[in-house]
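One structure is given here, and the rest of the page talks about it.
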Amino acid sequence: MNVTKPTLNAVARRANVSASTVSRLLRGAMRVTPEIEERIRRAAEELGFSLNRENGTRIITFLFSNRDVLHYFHSLVLASAEAYLARRDYNLLYLSLRYSQTTPWREVHLPKLLQRRDLVSGFIVAGTNTQNLFDLLAHRKVPFVVFGNNVAGPWKQDKIDSVWSDDVQGGMDVTRCLLTLGHRDIWYVGNTRLTWHAHIYEGYCRAMTDAGYEPRLSEFDSEDEHELGYLTTKSILNRGLPLTALFAGGDVVARGVYEALAEAGLRVPADVSVAGYNDIEAENMRPPLTSVRVFSEQIGKALAELLLNRIGQPDLPTQRRTIPTQVILRESCAPPLICAAGPPARQVLEPQP
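In the numbering used here, the protein residues as written are -16 to 336.
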C-alpha cells in the first residue's frame, strides 16, 4: 500500500495558516505568536512531518575565540542561546578558535569541521575577535552575529549584526551611585587593554568628568581577574594615594580587591567602599558586593534570534541590539566614614539618563 508522505502544505492546512508562514517559521525568518507556533508544531507532529528537513543540518556554531577559559558569563550566554535555538529545532555546537589580529583574513584557518558550508547554518561569534575573522566569514557567505563588547580594534559595526551589553552606561550608573553616596576619591580597577574593561572604564570616566572630578585608573596587565584586583589595589595602598572607593571592572576583580584590603586591615565599607561588575558572584561575597547586573540570558537569546533572522532573511538591514544593565546596591558601598547605623540595605537602581 502506498503511503503519502506529509507535506508542508498539509501541515499548513491542519494548522490553519499559510504555507509561507510555515516555511518562513521553520527557517527562523519569522516571529509568530506562541499559539500559532504551537499549532504548527502540533500539526507537524500529528502528520509525522520532520521540522528539521527544511534547513539542512540546522547546526549553529558558538565560536569562542582567543580566550583560554570559558568565563562563567560566557557559559550563561551560551546556555541561553542553546535553549532559544533548541526550541526552534536547531543544535548548538561549541568550538574554540585562536588566531592573530595581524593575520590576513585569507590566512585565518577555521577548524576543519567549519570549513564545510553544508554542515553549519551560522555562527555566534564570542570571545575576543577582530575584523579579519569577520572578513573571512563574510567571504564564505556564512551568516554570523557578534557579541560586540569583546571586539578589539576597528571593525565594520555598520555592516555586521551584533548584540551588546550597555557597559558604558553601566559604568556611568555605578560611578554616579558612588558619587551620590559622597565619594570623590574613586579609583577604577581593571585592565583597559581588554575591550570589555575599556567600555566600562569609558562610562566611569564620563561620570567622573561630568561631576567635575578627575578619573583615577590603576591597572595591571593581566587576564587573571583575581590577580588583577589584588595587585592593583596593593599598588594604590602602597603609594598612599587618596582613596574612599574602588570600582572593580568585574566581580572576580572585586574578590582580589577584597583580599588586598583585608590584608591591609581595611574594612569594607567602613574604610573603603567597593563596587563590581557582572553581578555573577556578588551576592555571595562578604560583605555582599554592589555590582552592575549584566543580563547574560537576554544577550544569549538576542544573539540566537538575530542570527536566525539573518539566516531566514539574508537581505535584512544590519541588526544591532543593546541590552541595558542595572545597578544592584548592596552592603559593600556606603557613604565615606559611615555612621554606626551601618551600610545601606540592598537596592536596585534604575539607569539614569
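Note that CB positions come from ideal geometry on N, CA and C, so glycine has one too.
Source: prediction; values computed, not measured.
For the 9 Å CB-CB criterion, I169 and F230 form a contact. In the DSSP annotation of this structure, the continuous segment of the alpha helix (DSSP H) that includes Q281 starts and ends at 279 to 295. For T192, the enclosing alpha helix (DSSP H) begins and ends at 178 to 193. Here the C-alpha atom of A247 lies approximately 15 Å from the C-alpha atom of P225.
Relative to A2, the option among E18, A27, P17 whose CA is nearest is A27. By the criterion of a C-beta distance shorter than 8 Å, P300 is surrounded by no residue of its chain, once the five residues flanking it on both sides are discounted.
One Cα belongs to V236, the other to G154, and the distance between them is close to 15 Å. A check of alpha carbon separations from N112 across V255, L177, T4 identifies L177 as the nearest. In the DSSP assignment, T273 forms a beta bridge with A258. Remark: C-beta atoms of Y260 and E242 do not approach each other more closely than 9 Å. With 16 or more neighbouring CB atoms inside 10 Å of its own CB, S63 falls in the buried class. When C-alpha distances from A317 are compared across S279, P94, A228, the shortest belongs to A228. If you keep only unbroken beta strand (DSSP E) runs of at least 3 residues inside the segment 29 to 97, you get 42 to 48, 74 to 80. Taking C-beta atoms as the reference points, T305 and S148 count as a pair closer than 9 Å. N(-1) sits exposed, since fewer than 16 C-beta atoms from the chains shown fall within 10 Å of its C-beta.
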